[in-house]
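All remarks here apply to the structure that follows.
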Amino acid sequence: MDTKELVKIGRITKNQGNKGEIRVIPLTDHPERFELLESVYLAKGNDIFKKNLEGLRYHKNFLVLKLEGIDNIGQALELRDYFIKIPSEEILPLEENEYYIDDLLGYQVITDIGEKLGEIFDVITTEGTDIFLVRDNNNEYMIPAAREIVIDIDMDKGVMVIKPISGLLEL
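Right, dumping it as structure tokens:
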């Protein structure tokens with residue numbers, strides 16, 4: 046499997062109990078999509094491997110997964126900070142004005158008055174609003190993925206237009 050064809054849909058944060066279950070923060074607006082999966086890829090750095098799903102349940106703002114062959118707390122703890130990924134052909138179709146985070150990496154970010162800020166190089170996924178990390182040669186910015194700030198995303202041109210609020214671009 047070419048790892049470039051895999052899409053992140055979750056991140057393992059810790060174990061859940063002592064029987065090998067893991068807690069996963071969904072990196073998708075549709076966590077129910079996990080119910081459609083039979084297997085997932087676990088990835089961290091260059092380490093990547095496939096695991097079959099044996100169980101799934103929802104708990105607060107995260108999912109609890111049981112993976113085949115992960116049967117105790119020690120094995121579950123070893124998976125901390127691994128990303129849950131799936132092949133790109135298994136992603137769900139998007140609604141209007143929805144985007145996959147990985148698709149926005151490399152986009153140029155400009156303000157509504159044409160000031161070039163740099164390129165999106167990473168995204169911090171939080172329980173609230175995601176944060177786009179943008180850099181040019183001299184500066185780095187943290188841009189909240191809020192509708193009041195991100196006013197346009199041009200998929201054809203690879204450009205995100207933002208309307209900065211007071212204090213957003215000041216260091």
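Residue 91 in our numbering is what sits at position 46 of the sequence shown, and the numbering runs on without skipping anything. Using N, Cα and C, we set each Cβ at its ideal position, and we do this for glycine too. Please read these numbers as outputs of a predicted model, since none were measured by experiment.
What would DSSP say about Leu124, mapped onto helix, strand or coil?
coil
Would Ile136 pass as a contact of Val206 if the rule is Cβ separation under 8 Å?
The answer is no: Cβ separation not under 8 Å.
Beta carbon of Leu82 nearer than 8 Å to that of Ile146
no
I think Ile29 touches Ile194, with their Cβ atoms under 8 Å apart; what is that distance to the nearest whole Å?
Residue 29 lies beyond the range of the chain shown here (46 to 216); nothing can be said about it.
Under 8 Å by Cβ, that's how I've got Lys96 and Gly114 pegged, so tell me the actual separation to the nearest angstrom.
About 7 Å separates the Cβ atoms of Lys96 and Gly114, confirming a contact at the 8 Å cut-off.
Starting from Leu98, follow the beta strand (DSSP E) in both directions and report where the run begins and ends.
From DSSP, the beta strand (DSSP E) with Leu98 extends over 92 to 104.
So, does the CB of Gln120 fall closer than 8 Å to a CB anywhere in chain B?
The chain labelled as chain B is not found in the depicted structure, where only one protein chain is given.
Sequence-distant residues of the same chain with beta carbon closer than 8 Å to Asp63, five excluded per side:
The question names Asp, yet the displayed sequence has Asn at residue 63. For Asn63, where only same-chain residues beyond five positions count, the Cβ hits under 8 Å are Asn117, Ile118.
In terms of DSSP beta bridges, what is Lys53 paired with?
Lys130
How would you call Tyr103, buried or exposed, if buried means at least 16 neighbouring beta carbons within 10 angstroms?
exposed
Every unbroken beta strand (DSSP E) inside the region 137 to 178 [3 residues or more]:
153 to 156, 161 to 169
Take Glu80 and list the residues in its own chain whose beta-carbon comes closer than 7 Å to its own, dropping the five residues that flank it on each side.
Leu101
Between Lys208 and Arg78, what straight-line distance do the alpha-carbon atoms span, to the nearest angstrom?
If you take the alpha carbons of Lys208 and Arg78, they lie about 32 Å apart.
Do you know whose CA, among Asn60, Leu139, Leu72, Asn106, lies nearest Ile54's CA?
Leu72
Chain-order list of residues whose beta-carbon lies under 6 Å from that of Leu149 (same chain, five-residue window excluded):
Ile165
Select from Tyr186, Lys59, Gly151 the residue whose C-alpha is nearest the C-alpha of Asp201.
Out of Tyr186, Lys59, Gly151, Gly151 has the C-alpha closest to the C-alpha of Asp201.
Determine the closest residue to Leu98 out of Lys105, Val69, His75, with distance taken between C-alpha atoms.
Val69
Would you mind reading off the limits of the beta strand (DSSP E) that contains Phe107?
107 to 112
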